[in-house]
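Working notes for the structure below.
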Amino acid sequence: TKTVSKCYVQVTGMTCASCVANIERNLRREDGIHSILVALMAGKAEVRYNPAVIHPSAIAELIRELGFGATVMENCGEGDGILELVVRGMACASCVHKIESTLMKTNGVLYCSVALATNKAHIKYDPEIIGPRDVIQVVKDLGFTTSLVKKDRSASHLDHKQEIRQWKRSFVVSLVFCIPVMGLMIYMMVMDSQLSDAHAHYNMSSEEMEALHSSMVLEYQLLPGLSVMNFLSFLLCVPVQMFGGWHFYIQAYKAVKHKTANMDVLIVLATTIAFVYSLVILLVAMAEKAKVNPVTFFDTPPMLFVFISLGRWLEHVAKGKTSEALARLISLQATEATIVTLGPDNVLLSEEQVDVELVQRGDIVKVIPGGKFPVDGHVIEGHSMVDESLITGEAMPVTKKPGNTVIAGSINQNGSLLISATHVGADTTLSQIVKLVEEAQTSKAPIQQFADKLSGYFVPCIVAVSVVTLFAWIIIGFVDFEIVEKYFLGYNKSISAAEVIIRFAFQASITVLCIACPCSLGLA
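Numbered per the working numbering, the sequence shown spans residues 2 to 525.
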């Protein structure tokens with residue numbers, strides 16, 4: 002008996018089925034290679050070789066000479082098949098033991114565990130030696146009924162409808178309240194610039210200026226210290242903070258709980274501080290019955306939430322599009338296969354319908370006209386035209402005769418074919434495409450990871466900077482009060498210098514937080 006080892010080689014640069022055929026044909030000729038199987042989508046070759054004659058590195062070298070990139074894959078555990086079964090009729094722990102011990106003795110079964118409570122069996126096997134049908138047969142021979150765990154073929158986990166709805170709602174809420182806030186802001190700006198023009202033109206004293214200023218509609222004080230502008234902004238800001246920012250708060254809370262700082266933390270930090278600070282300033286102004294209306298940041302949260310939730314909504318819509326395509330792909334998979342037993346001279350002895358998951362490598366599968374190919378394989382007998390447009394996009398049917406390869410999911414048209422299965426289950430071209438698209442969906446774009454990583458450092462930095470600002474201004478204020486006086490306009494002359502300094506310092510540090518947090522990184 003010659004020893005046969007198996008290795009996997011990662012092959013890059015294959016573009017179509019002829020590349021696959023080229024590699025297979027050339028390597029089969031080499032000494033010491035028993036068989037080779039190349040999967041185009043997965044980009045890997047499974048080679049069975051005689052270790053006395055040839056080494057995996059030499060095999061990779063042979064593939065490289067054909068003009069492809071090839072590296073030997075170290076972890077060869079990928080060849081193991083995994084089977085999930087529902088086993089009925091188990092009464093006690095001894096049944097479990099009976100099944101487990103019998104399966105473990107079976108040649109080709111690598112691992113087996115049976116759970117009595119859930120009636121499930123989890124089995125790992127080597128598809129070279131044994132297949133799922135044999136395993137099921139062993140369990141049936143022990144006197145239990147068994148069936149496959151039904152896989153959910155509908156791509157429900159790829160459904161982004163709920164997220165799309167949620168972000169759309171978030172966006173609409175923020176937008177509805179953001180537009181009036183922006184309107185108020187623009188109106189104020191225009192008025193301010195007109196006023197300063199007037200100031201320059203007529204050389205008014207600052208007292209007259211303030212009189213003019215407070216005569217503006219929006220600056221009119223409903224209560225001492227509470228202007229119409231600030232009151233309206235506050236009213237518009239509350240719902241946005243509550244409903245528009247709801248999801249952000251949840252995500253941010255989770256992030257902080259795990260001691261990380263992501264984008265959501267930034268957004269929440271900025272908006273909450275802007276909101277709370279503005280509210281406190283207003284209340285203080287009302288308590289002091291201030292003449293000059295305080296500067297508030299109520300416009301920050303709605304505008305931020307509008308931009309961010311718009312971005313998130315668009316992102317989920319895009320993901321949803323990909324997922325729809327994926328769901329369609331998954332629906333192309335056949336659910337059943339007709340397995341036939343051949344006698345000498347390819348005489349049909351028997352045929353049975355089985356689940357696609359139960360087809361093993363090397364099985365002979367019969368595909369009738371109009372049927373879907375359940376697995377990848379090559380034709381043994383029969384001639385037919387096959388519609389492979391799902392993979393190639395080619396509208397014209399392709400002629401298939403013995404020796405040609407067929408792809409799972411493509412549709413047989415006019416002749417009946419017998420095919421020998423080469424790739425089954427998760428190894429078929431279709432499953433590989435689905436897997437690739439799924440991976441692309443779940444993985445973040447590198448730039449996105451980078452942004453998240455940056456915001457991890459960015460948040461603490463900004464917080465630190467604003468704290469520094471706070472202390473710096475307090476120190477400056479106590480050293481030289483005039484500087485503060487110069488920049489802190491319209492403060493109440495009746496309050497103590499210390500309070501003025503501290504209030505100004507807080508205003509400066511909060512401004513740093515409000516302005517630095519959301520902007521560039523957040524919106525990007």
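A virtual CB, placed ideally from N, CA and C, is assigned to each residue, including glycine. As the structure is a prediction and not an experimental result, all values here were calculated from the model.
Euclidean distance between Cα positions of V469 and F505:
In a straight line, the C-alpha of V469 is about 14 Å away from that of F505.
S521 to V241 span [Cα, whole Å]:
Legend: pLDDT at S521 = 48, less than 50; position of this residue unreliable, value from coordinates given subsequently. Computed Cα separation, rounded: 21 Å.
Cβ separation of K45 and V10, assumed to be a contact under 8 Å, to the nearest whole Å
7 Å
Can you round the beta-carbon distance between V360 and A422 to whole angstroms, since I take them to be within the 8 Å contact cut?
6 Å
Is G33 helix, strand or coil when you go by DSSP?
Secondary structure of G33 (DSSP, three-state): coil.
Does the beta-carbon of E47, which I'm using as the reference point, lie nearer than 6 Å to any heavy atom of the ligand SAM?
Because no ligand of any kind appears in the structure shown, any question about the ligand SAM cannot be addressed here.
Coarse secondary structure for L41, derived from DSSP in three states
coil
C-beta contact flag for K401 and V387 at 7 Å:
yes
Could you give the distance in angstroms between the alpha-carbon of S510 and the alpha-carbon of A43?
55 Å
V425 to R362 span [Cα, whole Å]
6 Å
Do L267 and V466 count as a contact pair if the criterion is CB distance below 7 Å?
No, Cβ-Cβ distance for V466 and L267 is not below 7 Å.
How would you write the range of the alpha helix (DSSP H) that D142 sits in, first residue to last?
133-142
CA-to-CA distance, E164 to A18, given in whole angstroms
39 Å
Buried/exposed call for H259, threshold 16 Cβ in 10 Å:
With fewer than 16 other Cβ atoms within 10 Å, it is exposed.
Taking the beta carbon of T4 as the centre, do at least 16 other beta carbons fall within 10 Å, making it buried, or is it exposed?
exposed
Can you have a look at S385 and say buried or exposed, based on whether 16 or more other CB atoms are within 10 angstroms of its CB?
Counting the other Cβ atoms within 10 Å of the Cβ of S385 gives 16 or more, which makes it buried.
Please list, in chain order, all residues of the same chain as V139 whose beta carbon is under 7 Å from its beta carbon, the five residues on each side excluded.
T103, L104, T107
Express the C-alpha separation of Y112 and S95 in angstroms, rounding to a whole number.
For the pair S95 and Y112, the Cα-to-Cα distance works out to about 18 Å.
Starting from L350, trace the beta strand (DSSP E) in both directions and tell me its first and last residue.
349-356
To the nearest angstrom, how far is it from the Cα of S417 to the Cα of E382?
Rounded to whole angstroms, S417 and E382 show a C-alpha spacing of 9 Å.
Starting from N413, follow its DSSP beta bridges and name the residues at the other end.
V387
Relative to the C-alpha of L28, which residue among A53, K322, V357, P57 is closest?
P57
My understanding is that V39 touches V12, with C-beta atoms under 8 Å, so please give their C-beta distance in whole angstroms.
With 8 Å as the limit, V39 and V12 qualify as a contact, their Cβ atoms being about 7 Å apart.
Starting from M243, trace the beta strand (DSSP E) both ways and give me its first and last residue.
No beta strand (DSSP E) holds M243; DSSP gives it neither H nor E.
Are the beta-carbon atoms belonging to V277 and L237 less than 7 Å from one another?
no
Pick out whichever of G70, P398, R166 has its Cα sitting closest to the Cα of G321.
Out of G70, P398, R166, R166 has the C-alpha closest to the C-alpha of G321.
Where I124 and C20 are concerned, what is the direct C-alpha to C-alpha distance, given to the nearest angstrom?
Taken atom to atom, the span from the alpha-carbon of I124 to that of C20 is near 35 Å.
Can you tell me the Cα-Cα spacing of E25 and E337, whole angstroms?
Each residue's Cα considered, the two are about 29 Å apart.
If you count every other CB in all the chains shown that lies within 10 Å of the CB of V174, and 16 or more means buried, which is it?
buried
May I have the straight-line CA-CA distance separating L350 from K121, to the nearest angstrom?
34 Å
Inspect the beta-carbon positions of F235 and L223 and report whether they are closer than 7 Å.
no
Rounded C-alpha distance that separates I282 from P295
Each residue's alpha carbon lies about 7 Å from the other.
Using the rule of at least 16 other Cβ atoms within 10 Å of the residue's Cβ for burial, across every protein chain shown, is C179 buried or exposed?
C179 sits buried, since 16 or more C-beta atoms from the chains shown fall within 10 Å of its C-beta.
Same chain, Cβ closer than 8 Å to F344, neighbours up to 5 away in sequence not counted
Contrary to the premise, residue 344 reads as Gly rather than Phe in this sequence. Contacts found: L350.
List the residues that DSSP assigns as beta-bridge partners of K125.
In DSSP, K125 forms a bridge with I83, Y112.
Identity of the residue in G33, P375, V355 nearest R134 by Cα:
V355
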